[in-house]
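Just below is one structure, and these are the notes that go with it.
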Amino acid sequence: MMNGKEYIESLRKYKPTVYFMGKKIESVADSPILAPHVNAAAMTYELAHDPKYEDVMTAKSHLTGEKINRFTHIHQSTEDLVKKVRMMRLLGRKTGSCFQRCVGLDALCALYITTYDIDQKYGTDYHERFKEYLIYVQKNDLMAAGAMTDVKGDRSLRPHQQADPDMYVRVVERREDGIVVRGAKAHITGAVNSHEIIALPTRAMGEKDKDYAVAFAVPVDAEGVVMFFGRQTNDMRRLDGDIDCGNAKYGTVGGEALIVFNDVFVPWERVFMCGEYDFASELVETFATYHRQNYGGCKVGVADVLIGASAAIAEYNGVEKASHIVDKLTEMVHLAETCWCCSLACSYEGFKTPSGAYMPNLLLANVTKLNITRFPYEWSRLAQDIVGGIVATTPSELDYKNPETRELIEKYLKGKADVPTEHRIRMIRLIENLSIGAELPESMHGAGSPAAQKIMIARRANLDLKKEEAKRVAGILPDEDYQRVRGEEKKE
Amino acid sequence: MKIGVKYCGGCNPEYRREEVEEVLRKHFKISYSEDVDILILINGCRKACLAEEVEHPNILVVGSPMSEEEIVRKVEDAMKELGKAKP
Ligand SMILES: Cc1cc2nc3c(=O)[nH]c(=O)nc-3n(C[C@H](O)[C@H](O)[C@H](O)COP(=O)(O)OP(=O)(O)OC[C@H]3O[C@@H](n4cnc5c(N)ncnc54)[C@H](O)[C@@H]3O)c2cc1C
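First to last, the protein sequences are chains A and B.
Here the first sequence stands for residues 5 to 496, numbered as in the numbering used here.
Here the second sequence stands for residues 650 to 736, numbered as in the numbering used here.
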């Protein structure tokens, strides 16, 4: 297993093509714009070596028996599923940001299950191929980006109906030694600072979409892979210093990229689905379930930091004893812990699949994520209420550091007399970072927009059984247990 | 050959578990006992709590709705296997 430093060093061995602000980024490991995201991902490596955290951060490989980073582990029990979300909360709390590595983990787990099922039906050998790849990832402790979301063009059309056939990643050539793929994946978390990219289809497919039913893995610097690192609000503050960033060390959300596959060759040993369109929806659902499971872990870890920041700023401003502030902080805790309950519940209610891997309860994982499309907006609203209007108007770090103006800012941004002004400014900036930037749309759309979760919840709502229970309670259907209790004859 | 049925606690079943028992009664003689040759665990969902808890050498696990043919085939397969194993 690598530690944090070794992970950052390992990135130097890769030469991905990454563009940002009209220029090519020459070294991912050395770019100041990428640094916070690299640091956040490095924590997934570093904490695995810390005796204080290794119980959740590591696991035993079911394939090799070796100790591995949990981010490369296929869950072998419900306890593994629970440990995964505990790991998410720990890292969310440690970084106050997205540590990116869960998407690749979820892609690995989903492929483990679906390749097994495809082979059962078609007699293919995807599962064995995939296991070889998994061992490679585990042994080298690699970080994989999970690339599912296609750019999708006209959302009302299926892949094969698009005006431009490249709106979904597809196979453009089948060769003896592999396939050639073309298309693009959008919003891919941690892509530029990963070692590998694992691509999966993004939706259910029909027979005419056969060429789009493709799953594969390539190194980030495979020939033909071009990435565009996405802009974030306030990203350039990183170049001015650390205070105005709010979270200079770990940034905010995952540092997403648009990945273009410009006729990329993939050897067969790295192809895990090719044309089995009838398994696209299973793969998407399985991946989505694992990914939605996470959000009551990672986002709640980040909420721990925001709640702490809100409590601290209340103290710095001298309002910590006001009853409405206490109430608002309590409400934030309640919202966050409700989401945590959801992640734990869908994990404890997980089940064993035919492949042997465990996956979370589908209904509850979708409930988890649907809450995350709402509750972070509410806890952010409460944080903005507590911090005051200063969260939107604080003078810049450069004015604070300018000897000519520093004294004025020191004096007029002061809160309580015994709290240094700089501490107050830092806390305000942290709240700004956590409650205003990309964090909220990430909660909304990451792992799928709310409508996607609603569809899954509706599918598993089981209204027929609920109606049956209602009819029994209402006295429309017989209630045998009640009749026994009352000593009544069974009605025919 | 003795066939037993054991239900999970039924906290939040995803289908009518009783339907499995109805099919079994139609085709086989069954009892609510674990002291049997084949034990069928009727779970209300795929979590299949019983599968984790019950120890028995010949278990059949049901955790989601199954067709009548599927249930019968599974039990008959299990009986055949057991018949082969028994001298
Ligand atoms: C910060 C961040 C990180 C992310 N990380 C990853 C990642 O690592 N890997 C990955 O694969 N993806 C990632 N995603 C992508 C995420 O899964 C998508 O944003 C999400 O699935 C929504 O897709 P979209 O952004 O293309 O929005 P759209 O699909 O354009 O959705 C916009 C709206 O249109 C609706 N809509 C879309 N299609 C239809 C339709 N056919 N019928 C009716 N309504 C429709 C949606 O419900 C939504 O309300 C990330 C997203 C964000 C914001």
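Ideal Cβ positions, reconstructed from N, Cα and C, are used throughout, including at glycine.
Is there a Cβ of chain B sitting closer than 8 Å to that of Asn370(A), yes or no?
Closer than 8 Å: no.
Between the C-alpha atoms of Ser303(A) and Pro399(A), what's the straight-line distance to the nearest angstrom?
The question names Ser, but residue 303(A) is Lys in the sequence shown. The alpha-carbon atoms of Lys303(A) and Pro399(A) are separated by roughly 29 Å.
Minimum C-alpha distance to Asn692(B) - residue among Cys657(B), Ser680(B), Glu683(B), Glu717(B)
Ranking Cys657(B), Ser680(B), Glu683(B), Glu717(B) by Cα distance to Asn692(B) puts Cys657(B) first.
For Glu473(A), which residues in chain B fall below 7 Å Cβ to Cβ?
The contacting residues do not exist; Glu473(A) stays about 10 Å from chain B at best.
Using the beta-carbon count (16 or more within 10 Å), is Gly479(A) buried or exposed?
In the assembly as shown, Gly479(A) is an exposed residue. Its beta-carbon has fewer than 16 other beta-carbons within 10 Å.
According to DSSP, which residues form a beta bridge with Gly182(A)?
In DSSP, Gly182(A) forms a bridge with Pro271(A).
Check for me: the alpha helix (DSSP H) holding Leu438(A) runs from which residue to which?
For Leu438(A), the enclosing alpha helix (DSSP H) has its first and last residue at 425-440.
Chain A residues whose Cβ lies nearer than 9 Å to that of Ala697(B)
Within chain A, the residues near Ala697(B) are Phe355, Lys356.
DSSP has Arg174(A) in a bridge; who is on the other side?
DSSP, once it has assigned bridges, lists Arg186(A) as partnering Arg174(A).
Taking C-alpha atoms, which residue in Leu368(A), Lys125(A), Asp246(A), Trp344(A) lies nearest to Phe283(A)?
Looking only at Leu368(A), Lys125(A), Asp246(A), Trp344(A), the smallest Cα-Cα distance to Phe283(A) is reached by Lys125(A).
Ignoring anything shorter than 4 residues, give me the alpha helix (DSSP H) runs that lie fully in the stretch 33-101 of chain A, in order along the chain.
The stretch 33-101 of chain A contains these whole alpha helix (DSSP H) runs: 39-50, 58-61, 82-99.
How would you write the range of the alpha helix (DSSP H) that Leu4(A) sits in, first residue to last?
In the structure as shown, chain A begins at 5 and stops at 496. Residue 4(A) is therefore absent and cannot be evaluated.
Cβ-based neighbour list, Leu146(A), same chain, cut-off 7 Å, excluding 5 preceding and 5 following
Cβ within range, chain order: His199, Glu200.
At the 8 Å Cβ level, is Glu668(B) part of the contact set with chain A, yes or no?
Chain A contact via Cβ: absent.
Proximity test, Ala442(A) beta-carbon vs ligand 1 heavy atom, cut-off 7 Å
At least one heavy atom of ligand 1 is nearer than 7 Å to the Cβ of Ala442(A), so yes.
Boundaries (first-last residue) of the beta strand (DSSP E) holding Thr21(A)
Secondary structure note for Thr21(A): its beta strand (DSSP E) is the uninterrupted segment 21-24.
Below 7 Å, is the gap between the Cβ of Thr293(A) and the nearest heavy atom of ligand 1?
Because no heavy atom of ligand 1 lies under 7 Å away, the Cβ of Thr293(A) does not count as near it: no.
Ends of the alpha helix (DSSP H) at Ile461(A)?
For Ile461(A), the enclosing alpha helix (DSSP H) covers residues 454-463.
What do you get for Ile459(A), buried or exposed, if any count of 16 or more other CB atoms within 10 angstroms of its CB means buried?
Counting C-beta atoms within 10 angstroms of its own C-beta, Ile459(A) has fewer than 16 neighbours from the protein chains shown and is therefore classed as exposed.
Just to confirm, does Val185(A) get its C-beta within under 7 Å of one of the non-hydrogen atoms of ligand 1?
Relative to the non-hydrogen atoms of ligand 1, the Cβ of Val185(A) never comes closer than 7 Å to any of them.
For Thr1(A), the three-state DSSP class (helix, strand or coil)
Lying before the first or after the last residue shown, residue 1(A) is absent from chain A, which here runs from 5 to 496.
If we cut at 8 Å on Cβ distances, does Glu719(B) have a partner in chain A?
No - not a single Cβ of chain A is within 8 Å of the one on Glu719(B).
In chain B, which residues lie less than 7 Å from Asn466(A) when you measure between Cβ atoms?
The answer, in chain order, is Glu663.
Are three or more beta carbon pairs between the stretch 199-216 of chain A and the stretch 164-176 of chain A nearer than 8 Å?
Below 8 Å, enough C-beta pairs join the stretch 199-216 of chain A and the stretch 164-176 of chain A to call them touching: three or more.
Distance between Leu690(B) and Val711(B) (C-alpha atoms, nearest Å):
Whole-angstrom Cα-Cα distance: 6 Å.
Would the stretch 293-313 of chain A and the stretch 236-244 of chain A be scored as touching if the rule is three or more Cβ pairs under 8 Å?
Fewer than three Cβ pairs drawn from the stretch 293-313 of chain A and the stretch 236-244 of chain A lie within less than 8 Å of each other, which leaves the two stretches out of contact.
Residue-chain proximity (Asn251(A), chain B), Cβ-Cβ < 8 Å:
Chain B contact via Cβ: absent.
Taking buried to mean at least 16 other C-beta atoms within 10 Å of its own C-beta, is Glu667(B) buried or exposed?
Counting Cβ neighbours within 10 Å, Glu667(B) comes out exposed, since fewer than 16 surround it.
If we count the other Cβ atoms within 10 Å of its Cβ and call it buried at 16 or more, is Cys608(B) buried or exposed?
A question about residue 608(B) goes unanswered here, because the residues of chain B that appear run from 650 up to 736.
When the distance is taken between beta carbons, is Val669(B) closer than 8 Å to Met728(B)?
Not closer than 8 Å, so no.
Could you tell me whether any Cβ in chain B is nearer than 8 Å to the Cβ of Asn321(A)?
Not a single CB atom of chain B sits nearer than 8 Å to the CB of Asn321(A).
Does the stretch 244-254 of chain A come within contact of the stretch 214-227 of chain A, defined as at least 3 CB pairs closer than 8 Å?
No: fewer than three Cβ pairs fall under 8 Å.
Rounded to whole angstroms, what is the Cα-Cα separation between Gln4(A) and His676(B)?
Residue 4(A) lies beyond the range of chain A shown here (5 to 496); nothing can be said about it.
Helix, strand or coil, according to DSSP, for Ser680(B) in the structure here?
Here DSSP, grouped into helix, strand and coil, assigns Ser680(B) to strand.
Give me the Cβ distance between Asn466(A) and Glu701(B), rounded to the nearest whole Å; I'm assuming they're in contact under 8 Å.
Not a contact, Cβ separation roughly 23 Å.
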